[in-house]
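There are 2 protein chains.
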Amino acid sequence: MTEDTKLAKVVFQPSGRRGTFPVGTPLLDAARSLGVYVESVCGGRGICGRCQILISEGSFAKEKLTSRAENLEAATEAENRYASLRNLPADRRLSCQAKILGDLVVDVPTDTQTNRQIVRKRAEARQIDPDSAISLVSVAIPEPDMEIPRGDIDRLREALVAQTGLADLITDPVLLPSVQTVLRQGQWRVTAAIHQDRNTLPTVVALWPGEKSTVYGLAVDIGSTTIAAHLCDLQNGRTVASAGTSNPQIRFGEDLMSRVSYVQMNPSRLPDLTKAVRDAINSLIGKLTGDVGAQRSDVLDATFVGNPVMHHLFLGIDPVELGGAPFALAVSDAMILNARDLGLLVNPGARVYMLPCIAGHVGADAAAATLSEAPYSRDEITLLVDVGTNAEIVLGNKDRLLAASSPTGPAFEGAEISSGQRAAPGAIERIRIDKDTLEPRFKVIGVDEWSDEEGFTDKIDGVGVTGICGSGIIEAVAEMYLAGIVTTDGVIDGSMAERTPRIQPKGRTFSYVIAKDGVEISILQTDIRAIQLAKGALYAGVKLLQDKLGVYELDRIRLAGAFGSYIDPKYAMILGLIPDCPLEGVAGVGNAAGTGARMALVNRGYRREIEHTVRNIEKIETALEPRFQEHFVNAMALPNKTDPFPHLRAAVALPEPKELADSDPAGGERRRRRRRG
Amino acid sequence: MTEDTKLAKVVFQPSGRRGTFPVGTPLLDAARSLGVYVESVCGGRGICGRCQILISEGSFAKEKLTSRAENLEAATEAENRYASLRNLPADRRLSCQAKILGDLVVDVPTDTQTNRQIVRKRAEARQIDPDSAISLVSVAIPEPDMEIPRGDIDRLREALVAQTGLADLITDPVLLPSVQTVLRQGQWRVTAAIHQDRNTLPTVVALWPGEKSTVYGLAVDIGSTTIAAHLCDLQNGRTVASAGTSNPQIRFGEDLMSRVSYVQMNPSRLPDLTKAVRDAINSLIGKLTGDVGAQRSDVLDATFVGNPVMHHLFLGIDPVELGGAPFALAVSDAMILNARDLGLLVNPGARVYMLPCIAGHVGADAAAATLSEAPYSRDEITLLVDVGTNAEIVLGNKDRLLAASSPTGPAFEGAEISSGQRAAPGAIERIRIDKDTLEPRFKVIGVDEWSDEEGFTDKIDGVGVTGICGSGIIEAVAEMYLAGIVTTDGVIDGSMAERTPRIQPKGRTFSYVIAKDGVEISILQTDIRAIQLAKGALYAGVKLLQDKLGVYELDRIRLAGAFGSYIDPKYAMILGLIPDCPLEGVAGVGNAAGTGARMALVNRGYRREIEHTVRNIEKIETALEPRFQEHFVNAMALPNKTDPFPHLRAAVALPEPKELADSDPAGGERRRRRRRG
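Chains as they are written, first to last, in UniProt numbering: chain A, 1 to 677; chain S, 1 to 677.
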């Protein structure tokens, strides 16, 4: 740095981190040097759009600087192209493109990823008959009388008892500070919200002057990666707005177990994890109510689902017991709580219903998905799988229902995969490999055309090919298997490199190159291993439940969750991720956990239904089952070493088994896995 | 100030106020110049002992000073005398005596007044049969089982249901963060506290590892001036510790209505008044639990009583509706609340029972006093009077009970009286005037001897005669009346000045000098007026209830409250403060409100009893009654203009009526009073 180098001060909000940088530094580089998390997956080419920031303009006394929009370099060509293609808001900039020209206060919004991710966690269209825990009662109250000096809230209660017949009605003390003002504002005519549910007394929880006709409830699915929230009209049961956001706990640990370890190592930080998720939910509530022009105080009820670790962290419970056998839950039953005790910024009288957890690894999200798909009310045998970093598995019918979880790891979400990324624009989501030429064609999220179709080349410039998402990896490995590039054991056949330059040596193994314009996107041998481990664990868990149930012929398979909804059932079956089943019986069901949460929100009957069901589900702890390891090893093969998959074979021509003499990587993985356990 | 004047920095805690003072400044003067409240009633003579402070020693980086005990001048002779007589703790100093020699951090303790005031708000000895809302249940819980993975708190609940038979038992969510730790600490044997009362579901509210045999409850009487708290063993019902403190809301307004006005003028400061009283209660809880070696978490239940304004402010309710007709209470019924929602530093699962309020001016304190004296279970007609700044009056028997309040003002507490002070050492509490010589003799709180007895002169040096308290004023005026110094109309007869130098002219009126060594203590004409107004209002309220009941012959009079307990019934009757009644039927009953609060704390039967009683009490609003004014005017006279007081006349020789031709001060007061209303 010469003496002529000009320096500028940059402060990032909301973290408050600050630093001094040479003029000309790209803003994204500045953020990274300070440890400020700004997402970017396109390698700084201005095509993924995830690195958006805003400049806060003005004079910042505390920071001793004046921040101006023109202290950030004008938009580059790439940024202008992105803005025109993707509707970049006027006040947003791409931090990978823009260079620092002077002092800046930079706001890193949290909704950039959000806008991407709700693509995949939207509310499924489903009509739910309303019978919510909140009812609105409009009532006239006698004015105060010095001769009969009963309190305002007591006369209110009496009027409501007379009108509703609820003799044991009580009033929430949270109304005390406001009851007198509201009664007078309404000129002694008010609308009361009464909460009624099991294990509580009927309670007046909110009050408005005059008439009030619409109140809302909130259904939230707290995933380890994404939090999805739906705002529902509690009177008609309709979902009026949905939104999602990243789970900010990610900075304490990418997956569940790393967050449990974090708390174990840093017990004093537990409140931070709890606050992080509650803050994110409060932001979502602000967005949802804003979207429909409602107030936070219009939200009177909420349901929450999540895996046990998310469930416990949200409630402020140390999840450490969930980190090891016997995986004891602090609480499994459904619960009614006060929203205010959870720090939720909604009506202070609002209640919360926590759906029950099934077991230490099978959470309220699995319960909600079960509620949504209702296998317990069918004759057919249903397999319900919610694929996340932990797969939650429910199997059975109206006679008997079993549940288990299987530790699939994050491979299905694109993590641990060399070119993997989350499902977002720029990610390869579909792929086909020509059996003769071994050439791939693929589809990218954000572009309608396949890579070999007209128009793709023009459009891809605006998006870029940035990686491969979960469904893309499934198809890539399955297609490589169908094309003979990969053996039954999951080994890339190096001898095929003679036929195509796309198969390339990488040390002692080989890789397959899908794309190489811009970022090179390849499937490495280690990627296939990661997928084999994940799908082997999932399949072994399912197989254990089949053993318990004594049924191997399935009628229906329902794949829930973001990943489960977007994978092609055929490829999932070719890979042996799910067991054999008539292909037409397999369907993705989207965010079934969110749907179940909405059902329990707007209709109390569903609360009783899932409470009853969860009590009767048989819980299988896969870690305790001696046959798990055997099932797992067999399930490492494509589609499976022992199971015949007759329905699949009838629909798809599987290649002849091909084994390579000099390699047993599955065995190697097996050994490695055993050491981990 | 010369250039040689040395300056010292002084910081007062907990207020944090600070200033720089010349070396040699008395610490009390420094405090006053900064507006730091340090009580002192002896005029800085080192005898009242209320100005105690502590020096915090050490280096205070934030304050940039080093505070040393030797930076305060060594004890004076007066201070040493006080310390030897009154057991001044070694670390305490009298701020009126000690001069600043260097930098200081001064801690102003809140317990100095406290120790004085509990003298008069102690728990009355009364055995209360225990049947508290909290029961302790010791239980063994099955260990977690992966095959039946129910949550720890759910298994706990089931074990408790099995043991207690409480099928609808629920668990307080506040247990969630700790339940797993407690179960493991107790090796699956724990003691649970279960709360059961009306209008709630039976609830597990607290949990301890192993066996727990003693838990406590708190009974609190929130007076406008003093807060008295009792710690009771919830198992055996015994009161194990009592303590009192000033109500810190005094700085927002001396009496009830000035606090209501304060909130009306400064609505945003309502939370400050609420916080002030809750903080004071939290300090008392710390003291009480400390006194018996218990933890705050051992406190599981609490009852609170207070007049309606205190009741509402404690609950965070704006009391402004109580400031004017129709004096609407926000809430009158009894209530169960969570202690944590009130910011009380006790067990987080603790509950609170608020006793019901009777009317907008007749609070839960009157309800508690009624519970304590139980006039509703007797044949005799009882008059129960709780004399505070607002007198609360209950009259009747088992057939019919009426209640009202009367605005007596603070005169009975020594305010508005020229030499008045609260009941504390140094205050004249008893007085006799010789009818011939017109010489007084008196008794001072803190000295056993009367002023004309041997030993008084020696002992009084350590205490001083600092003022006259409520009971002293009553006796002074009554004795002046009996001695003929004061007329039936309450006028000091100036012609008597011929007979004694103690009667002295003061402008157009006269005064009577009781003591003149040190501070002069006199009864002025305006003092007698203040007493007449107060007693007239009280009597008029009682008379109105007698009119309603149609009964003028009373069997029993019970005087509750600090003042009511210490006045001599005979003098109260001579003054016409209470109606005529056989003298043996009149008794002080101490802090009856506190006793009622303790009864409701340790036995739920009393909760039902007072709830039922309050619903059936007839409430009379004195302000609405046309005869109030007439009764009030008659009651200005000593003892009364129209009522004959036969029982009193049989016991005491009252002087012949004596009226002075040229004065009608009662009429003047009447006019003034009318303007106020």
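Even glycine gets a Cβ: it sits at the ideal position worked out from N, Cα and C.
As the structure is a computational prediction, the values presented were derived from the model and not from experiment.
Please name the residue in S:A229, S:Y262, S:V331 whose C-alpha comes closest to that of S:N282.
Residue 282 of chain S sits at position 282 when you count from the first residue of the second sequence. S:N282 has its Cα closest to that of S:A229, out of S:A229, S:Y262, S:V331.
Rounded to whole angstroms, what's the CA-CA distance from S:G420 to A:G349? Just pull it up for me.
Taking the first residue of the second sequence as 1, we reach residue 420 of chain S at position 420. Taking the first residue of the first sequence as 1, we reach residue 349 of chain A at position 349. Those two C-alpha atoms are separated by around 48 Å.
Contact with chain S by A:K619, beta-carbon distance below 7 Å:
Within the first sequence, numbered from 1, the residue matching residue 619 of chain A stands at position 619. At least one chain S Cβ lies under 7 Å of A:K619.
For a cutoff of 7 Å on Cβ pairs, would you count A:L395 as touching chain S?
Here the question's residue 395 of chain A lines up with position 395 in the first sequence. Taking Cβ atoms only, chain S never reaches closer than 7 Å to A:L395, which makes this a no.
Assign S:G426 to one of two classes, buried (16 or more other C-beta atoms within 10 Å of its C-beta) or exposed (fewer than that).
Position 426 of the second sequence, counted from the first residue, corresponds to residue 426 of chain S. That one is buried.
Classify A:T20 as helix, strand or coil using the three-state DSSP reduction.
Numbered from 1 along the first sequence, position 20 holds the residue referred to as residue 20 of chain A. Note: A:T20 maps to strand in three-state DSSP.
Could you name the residues of the region 193-214 of chain S whose beta carbon sits closer than 8 Å to any beta carbon of chain A, in the order they occur along the chain?
N199, T200, L201
Nearest residue (CA-CA) to S:I100, options S:K443, S:I574, S:E70
Sequence index remark: in the second sequence, residue 100 of chain S carries index 100 (1-based). It is S:E70.
At a CB distance below 7 Å, what residues from the region 177-193 of chain S approach chain A? Give them in sequence order.
P177, V179, Q180
Does the separation of the CB atoms of S:Y376 and S:L345 fall below 7 Å?
Position 376 of the second sequence, counted from the first residue, corresponds to residue 376 of chain S. Position 345 of the second sequence, counted from the first residue, corresponds to residue 345 of chain S. No, Cβ-Cβ distance for S:Y376 and S:L345 is not below 7 Å.
Residues from the region 319-332 of chain S in contact with chain A, defined by Cβ distance under 7 Å
E321, A325, P326, F327, A328, L329, A330, V331, S332
Please determine, among A:C232, A:A167, A:Q235, A:I222, the residue with the shortest C-alpha to C-alpha distance to A:N247.
By 1-based counting over the first sequence, the position of residue 247 of chain A is 247. Measuring from the Cα of A:N247, the nearest candidate turns out to be A:I222.
Check the C-beta distance from A:V205 over to A:F304 and give it rounded, since I have them as a contact under 8 Å.
To locate residue 205 of chain A, count along the first sequence from 1; it is residue 205. To locate residue 304 of chain A, count along the first sequence from 1; it is residue 304. About 18 Å separates the two Cβ atoms, so there is no contact after all.
On the criterion of 16 or more Cβ atoms from any shown chain inside 10 Å, does S:G605 qualify as buried, or is it exposed?
On the second sequence, residue 605 of chain S is found 605 positions in, with the first residue counted as 1. Exposed.
At least three beta-carbon pairs within less than 8 Å, the region 443-455 of chain S to the region 480-491 of chain S
no
Every unbroken beta strand (DSSP E) within the region 243-323 of chain S, with a cutoff of 3 residues, ordered by chain
299-306
Using a C-beta to C-beta distance shorter than 7 Å, which residues of chain A count as neighbours of S:I153?
As a working note, residue 153 of chain S is residue 153 in the second sequence. What S:I153 touches in chain A: A330, V331.
May I have the straight-line CA-CA distance separating A:R126 from A:D318, to the nearest angstrom?
Numbered from its first residue, the first sequence carries residue 126 of chain A at position 126. Numbered from its first residue, the first sequence carries residue 318 of chain A at position 318. Between A:R126 and A:D318, the C-alpha separation is close to 35 Å.
Look at A:A593 and A:D365 and say whether their C-beta atoms are less than 7 Å apart.
Counted from its first residue, the first sequence places residue 593 of chain A at position 593. Counted from its first residue, the first sequence places residue 365 of chain A at position 365. Cβ atoms of A:A593 and A:D365: closer than 7 Å.
CB-CB under 8 Å to S:V161, same chain, minus the five flanking residues each way: which ones, in chain order?
Indexing the second sequence from 1 puts residue 161 of chain S at position 161. Taken in chain order, the residues that qualify are A167, L169.
Please report the Cβ distance between A:D107 and A:L54, rounded to the nearest whole angstrom; I am assuming they are in contact, meaning their Cβ atoms lie under 8 Å.
Working through the first sequence from its first residue, we reach residue 107 of chain A at position 107. Working through the first sequence from its first residue, we reach residue 54 of chain A at position 54. The Cβ separation is near 4 Å, so the contact holds.
Mind pulling the beta strand (DSSP E) runs of 3 or more residues that sit fully within the region 585-647 of chain A?
586-588
Selected residue, minimal CA-CA separation from S:K543, among S:V465, S:F456, S:Q629
By one-based count along the second sequence, residue 543 of chain S stands at place 543. Out of S:V465, S:F456, S:Q629, S:Q629 has the C-alpha closest to the C-alpha of S:K543.
Which residue from S:G244, S:S405, S:G472 puts its Cα closest to that of S:A423?
Taking the first residue of the second sequence as position 1, residue 423 of chain S is located at position 423. The shortest Cα separation from S:A423 among S:G244, S:S405, S:G472 belongs to S:G472.
Taking only three categories from DSSP, how would you classify S:T526?
Taking the first residue of the second sequence as position 1, residue 526 of chain S is located at position 526. It is helical.
Within chain S, partners of A:I503 - CB distance below 9 Å
As a working mapping, residue 503 of chain A is identified with position 503 in the first sequence. Per Cβ cutoff of 9 Å: no residues; A:I503 is ~46 Å from chain S at best.
Between A:M146 and chain S, is the shortest Cβ-Cβ distance under 7 Å, so that the two count as touching?
Numbered from 1 along the first sequence, position 146 holds the residue referred to as residue 146 of chain A. Yes, A:M146 counts as interfacial toward chain S.
Within 10 Å of its beta-carbon, does A:A243 have 16 or more other beta-carbons around it, so buried, or fewer, so exposed?
Residue mapping note: residue 243 of chain A aligns to position 243 of the first sequence, counting from 1. The residue in question, A:A243, is buried, as its Cβ has 16 or more Cβ neighbours within 10 Å.
Output yes if chain A places a C-beta closer than 7 Å to the C-beta of S:P149; else output no.
Reading the second sequence from its first residue, position 149 is the one you call residue 149 of chain S. Yes, S:P149 lies at the interface with chain A (some Cβ there is under 7 Å from its Cβ).
Name the DSSP beta bridge partners of A:E158, please?
Residue 158 of chain A sits at position 158 when you count from the first residue of the first sequence. According to DSSP, A:E158 bridges with nothing at all.
List the residues of chain A that S:M335 touches, going by C-beta distances under 8 Å, in chain order.
Looking up residue 335 of chain S in the second sequence gives position 335. Per Cβ cutoff of 8 Å: P173.
Can you list, in chain order, the residues of its chain whose CB lies under 8 Å from that of A:I227, leaving out five sequence neighbours each side?
Counting from 1 along the first sequence, the entry for residue 227 of chain A is found at position 227. Cβ within range, chain order: V220, D221, G244, T245, S246, N247, V277, A280, I281, L284.
In its own chain, which residues sit with a C-beta less than 8 Å from the C-beta of A:I485, not counting the 5 before and 5 after it?
Residue 485 of chain A sits at position 485 when you count from the first residue of the first sequence. Only I433, L438, I492, D493, M496, I503, Y512 meet the Cβ criterion.
Would you tell me roughly how many angstroms separate the C-alpha atoms of S:Q113 and A:I194, rounded to the nearest one?
In the second sequence, the residue the question calls residue 113 of chain S occupies position 113. In the first sequence, the residue the question calls residue 194 of chain A occupies position 194. Here S:Q113 scores only 42 on pLDDT, less than 50, and its place in the model should not be relied on; the value that follows carries that caveat. About 47 Å.
Quick check: the Cα distance between A:V260 and S:S297, rounded to an integer number of angstroms?
For the purposes of this step, residue 260 of chain A is identified with residue 260 of the first sequence, where counting begins at 1. For the purposes of this step, residue 297 of chain S is identified with residue 297 of the second sequence, where counting begins at 1. Roughly 29 Å between the two C-alpha positions.
Looking at the secondary structure, which residues open and close the beta strand (DSSP E) in which A:P505 lies?
Start at 1 with the first residue of the first sequence, and residue 505 of chain A comes out as number 505. First-last of the beta strand (DSSP E) with A:P505: 503-506.
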